[in-house]
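Asker:
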Amino acid sequence: MATLLEAEDKTSISFPVTGMTCAACQARVQRTLAALPGVADASVNLITNTAAVRFDPAVISPPELVSAVQSTGYGADLPTEAPNYLRPDAQADDAEARDARSLAIKAIVSIAAGLAAMVVSMSMMGSVTANYTMLAITAAIMLWAGRDFYVRAWKALRHRSADMNTLVALGTGAAFLYSLVATLSPGMFVRNGIAADVYYEAVIIIIGLVLTGRALEARARRKTSVALRQLATLIPPRARVEESGDWVEKPVEQIKSGEVILVRPGERVPVDGVIIDGSSAVDESMLTGEPMPVTKAGGDRIVGGTVNTTGAFRYRATSVGADSVLARMVKLMREAQSSRAPIQRLADRVSAVFVPVVVAIAIATFLAWFFLADVAAVPRGLAAAVAVLIIACPCAMGLAVPTAVMVATGRGAEMGLLIKGGEILQRAGDVDTVVFDKTGTITEGKPAVTRVTPQPGWNEEKLLSIAASVEQSSEHPLATAVIDAASVRRIGLRPVTEFQSHTGAGVSGTVDGVRVVVGNAKLVRLSAADVGRSDINQGNASGETRIYVSVDGSLAGLIAVSDPIRISAARAVSSLRAQSIDVVLLTGDMRETADAIATQSGIATVVAEVLPEGKVAEIRRLQSEGRVVAMVGDGINDAPALAQSDVGIAMASGTDIALEASDIALMRPDLTGVSSAISLSRRAMATMKQNLFWAFVYNVIGIPVAAGVLYPFTGLMVSPILASAAMALSSVSVVTNSLRLRGATLQ
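Numbering-wise, the sequence shown is residues -1 to 745 according to our numbering.
(1) Checking the sheet assignment: what are the DSSP bridge partners for H500?
(2) According to DSSP, simplified to helix, strand and coil, what is E412?
(3) Drop a sphere of 10 angstroms on the beta-carbon of S532, count the other beta-carbons inside from all chains shown, and report buried for 16 or more, exposed for fewer.
(4) Give me, in chain order, the residues of the same chain whose beta-carbon lies closer than 7 Å to that of G438; leave out the 5 immediate sequence neighbours on both sides.
(5) Given this structure, state the Cα-to-Cα distance separating S729 from A172, to the nearest angstrom.
(6) Taking only the alpha-carbon atoms, compute the straight-line gap between G612 and V514 and give it to the nearest angstrom.
(7) Grouping DSSP H, G and I as helix and E and B as strand, with all else coil, what is M715?
(8) Please identify the residue among W367, R158, A98 whose C-alpha is closest to the C-alpha of G706.
(9) Using DSSP bridges, identify the partner residues of F434.
(10) Compute the beta-carbon to beta-carbon distance between V405 and L737, rounded to the nearest angstrom, for a pair I have assumed lies under 8 Å.
(11) Tell me whether the stretch 177 to 185 and the stretch 30 to 39 touch, counting them as touching only if at least three CB pairs, one residue from each stretch, are closer than 8 Å.
(12) Do G169 and I233 have their beta-carbon atoms positioned less than 9 Å apart in this structure?
(13) Apart from the five residues on each side of it in sequence, which residues of its chain come closer than 6 Å, Cβ to Cβ, to P377?
(14) I believe L387 touches V356 by the beta-carbon criterion, under 8 Å. Please report the beta-carbon distance rounded to the nearest angstrom.
(15) Grab me the residues of T653's own chain with a C-beta within less than 7 Å of its C-beta, minus the 5 sequence neighbours each way, in chain order.
(16) Of all the beta strand (DSSP E) runs that stay within the bounds of the stretch 472 to 500, which reach a length of 3 or more residues?
(17) Please classify S10: does DSSP put it in a helix, a strand, or coil?
(18) Helix, strand or coil for G790, going by three-state DSSP, please let me know.
(19) Count Cβ pairs between the stretch 676 to 684 and the stretch 713 to 725 that sit closer than 8 Å; are there 3 or more?
(20) Specify the secondary structure class of L44 as computed by DSSP and reduced to three states.
(21) Measuring alpha carbon to alpha carbon, tell me which residue in D561, L491, L31, L175 is nearest T441.
(22) Just tell me which of G297, A110, V429 has its CA closest to the CA of G206.
(23) Just the Cα atoms here: how many angstroms apart are T363 and R52?
(24) Nearer than 8 Å: is that true of the beta carbon of T30 relative to any heavy atom of the ligand SAH?
(25) Taking 9 Å as the threshold (C-beta atoms), are N163 and F147 in contact?
(26) Less than 6 Å between C-beta atoms, sequence neighbours within five positions excluded: which residues of the same chain meet that for T495?
(27) If we count Cβ pairs, one from each stretch, closer than 8 Å, do we get three or more for the stretch 305 to 320 versus the stretch 255 to 270?
(28) To the nearest angstrom, report how far apart L397 and V348 are at their CA atoms.
(29) Alpha carbon to alpha carbon, how far is R262 from E247?
(30) Would you kindly report the start and end of the unbroken beta strand (DSSP E) that includes I422?
(31) Suppose contacts are defined by Cβ-Cβ distances below 9 Å. Is L553 in contact with D528 by that definition?
(32) Using the C-alpha atoms, what's the distance from T585 back to T543?
(33) Compare the Cα-Cα distances from R217 to each of I139, A22, T401, V280 and report the closest residue.
(34) Assuming A40 contacts A32 under a Cβ cut-off of 8 Å, what Cβ separation, rounded to an integer in Å, is found between them?
(35) Is the CB-CB distance between S69 and T30 below 9 Å?
(36) Within 10 Å of its beta-carbon, does R409 have 16 or more other beta-carbons around it, so buried, or fewer, so exposed?
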């Protein structure tokens, strides 16, 4: 995980890039951005048509980044305003839908025209009228349906680059020019002993099939972002806000923090806030994945986009706009889907040199046929060269990884798993050791006092009073349990001076002129108190945490606190073990308590009584053994250990989803999400490898076959039309394989 210090001097920006059609396009833009001074990291996504750049603003500016992309021949613009992740981009959706319809229409018309040209060719073979008729049809299709291929290929040539459009333009252009010369000057061919064949129908159908592939890709891409678009539409457009004692409706965008909002049964909550009065059962499934509504009452937090099912309530708005939970979820998903998995670098390296190599192979193919063929050398050489150019289009390589990342992160969000990107998705699949924190992770994180054992001369009320007085300045969950116990018994608290917090051990302070230490045995022993008495140490096998209290160096008593284990803990551990993953419990609590919790949850390895720096050291020790470690904690107290681990997984609760402290956030209090995240990662990595394998194998096998290597042995040649069909099928198969992740069974 990147440290906060590394990120402090870097700024991130995401902007749209237009004109990219294949892996070669993506690789060129990405190389250009990554090579700029001041750019720490650049990720260009072919699926979302975006560039995400992390850069040093003292060295380079956003306009310079955009200019660099434009210099490569692709379109790019800076965002005109800060992105509103809760406002669906209707214009972008409409444009995407129009483009998909346009591609489909052009594909259908082109294929129909190609079939018509074939009929004309077969019924009037060799006729001058037929040739001129097909010439007119082909020219019209090339200018209308295929125009983008030639325009983009020309732009790439002007910028000394090549991409998929170059291959299509060269292939269809060569076939068209050959046919044009055969139509206008057939005698020249006859005099040289060459049949004046034309390939107009091949040109038209190739354009139609390539467009069909693009149309199917566009449709599949829209499917991968369905979950994202659905999240962005959960917020209602208007809300009922209190103004001067009256209720008025106003657009959600105009709501400000602090305003009071009324929500009735059946309505969606418009923005995040805290309930003032009223109660209801709220459906938070969009946030946590849990189908059962959660009871909410005064003082409880409420999240925008959730559904109020029963009663009405008033609440005060807290987080609005980009600060809301839902906006942060959508932002995280967009960033994740725009990121790259490290495995993508393999495709990037190949794509960088792929098109020039293919053009060279096509030229070599034509020359080989020209010099070695015994009959019809030129037509056969041309057909083989065109087939090589068409079959080699690198669309599948460009789609292999990003489609799997998009589908997997979307599937994760549906399951309540927020995965921060392709790199995290890949890294999680390599995890072989999962380390759990105890409090708030394996346990509920809501401890309660179960017994109070005072020493002679003290009673329970007096012991609770002095302990709670010192603990009132602490935010630790155990401190809260002690304070709550004193509150329930209506025990008053006294002022504290010289308060000190001893990280991972306890607290101390002065109350009524006496020095009070409240904490674990190690801390209290430092105050000279004897904590070894057996009469107060009983009962720890149940998993109680013992809080010792010493006053002026003498032991005053013990307060036992119990934190119930999450019901999903044992299932989660069992599921991880089924995936051959080692599980460790790492806690600052006492050994006896940790052992009891570990036994109940099925964890065999326990490391207890460690401070935060000790947790980091233990993670490092495991990593030094060659293990890939995932740390699961609450995202706050365990931040150092989360940062040290290979994959940090934070338990999220309410509106505090700990996005900044982790690589993966569990949006529901179910520890089986840890095993699901690892299982999803492994399935996604398997899908990426399958996609890349077939994309590479397709070209390794397809290019030689298209060149005609099998002809001397089998008489088999691949026509340009079959080559274009195979190319389209390869791209669609990669996207379809990625979409299978949406229904994958996870452990």
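The beta carbon of each residue, even a glycine, is placed where N, CA and C say it ideally should be. Keep in mind the model is a prediction, meaning the values are calculated, not measured.
Answerer: Let me spell this out:
(1) DSSP lists G504 as the bridge partner or partners of H500.
(2) In the structure shown, E412 falls within a helical segment according to DSSP collapsed to helix, strand and coil.
(3) Note that S532 has pLDDT 44, beneath the 50 cutoff, so the model's placement of it is unreliable and the number below is only indicative. Burial call: exposed.
(4) Here the set comprises P475, D632, M649.
(5) Looking at the two C-alpha atoms, the distance is approximately 24 Å.
(6) Going from the Cα of G612 to the Cα of V514 covers about 26 Å.
(7) Annotated three-state conformation of M715 is coil, per DSSP.
(8) Restricting attention to W367, R158, A98, the CA atom closest to the CA of G706 is found in W367.
(9) Answer is L583, V630, bridged to F434.
(10) In this structure, V405 and L737 form a Cβ contact; the two beta carbons are roughly 6 Å apart against a cut-off of 8 Å.
(11) These segments do not touch.
(12) No; because the gap between Cβ atoms is not below 9 Å, this pair is not in contact.
(13) So the list reads D195, once near-sequence residues are dropped.
(14) The beta carbons of L387 and V356 sit about 7 Å from each other, so the pair counts as a contact at 8 Å.
(15) Only weak support is given to the placement of T653: the predicted model assigns it a pLDDT of 39, under 50, and the value that follows is read from those uncertain coordinates. Cβ neighbours of T653 within its own chain (closer than 7 Å, five residues either side excluded): D270, R299, V301, S317, V323.
(16) Secondary structure in the stretch 472 to 500: the beta strand (DSSP E) runs of 3 residues or longer, each lying completely within the stretch, are 495 to 500 in chain order.
(17) Reduced to three states, the DSSP call for S10 is strand.
(18) Since the first residue shown for the chain is -1 and the last is 745, residue 790 is missing from the structure and cannot be characterised.
(19) No: the two stretches stay apart, fewer than three of their Cβ pairs being nearer than 8 Å.
(20) In the structure shown, L44 sits in coil (DSSP, three-state: anything other than H, G, I, E or B).
(21) Taking T441 as reference, the option from D561, L491, L31, L175 with the minimal CA-CA separation is D561.
(22) By alpha-carbon distance to G206, the top candidate from G297, A110, V429 is A110.
(23) Those two C-alpha atoms are separated by around 43 Å.
(24) No copy of the ligand SAH occurs in the structure displayed, which carries no ligand at all.
(25) In this structure, N163 lies closer than 9 Å to F147 by Cβ.
(26) Excluding five sequence positions before and after T495, the CB atoms of its chain that fall closer than 6 Å to its own CB belong to T508, given in chain order.
(27) The stretch 305 to 320 vs the stretch 255 to 270: in contact.
(28) In this model, L397 and V348 are separated by some 14 Å (Cα to Cα).
(29) Taking the straight line joining both Cα atoms gives about 13 Å.
(30) Here I422 belongs to no beta strand (DSSP E); instead the alpha helix (DSSP H) covers 420 to 426.
(31) For L553 and D528, yes; Cβs fall inside 9 Å.
(32) Approximately 12 Å, taken between the alpha carbons.
(33) T401 is the residue among I139, A22, T401, V280 whose C-alpha sits nearest the C-alpha of R217.
(34) 4 Å between Cβ atoms; contact.
(35) Against a cut-off of 9 Å, the Cβ pair of T30 and S69 comes out as a contact.
(36) Buried, by the Cβ-count rule.
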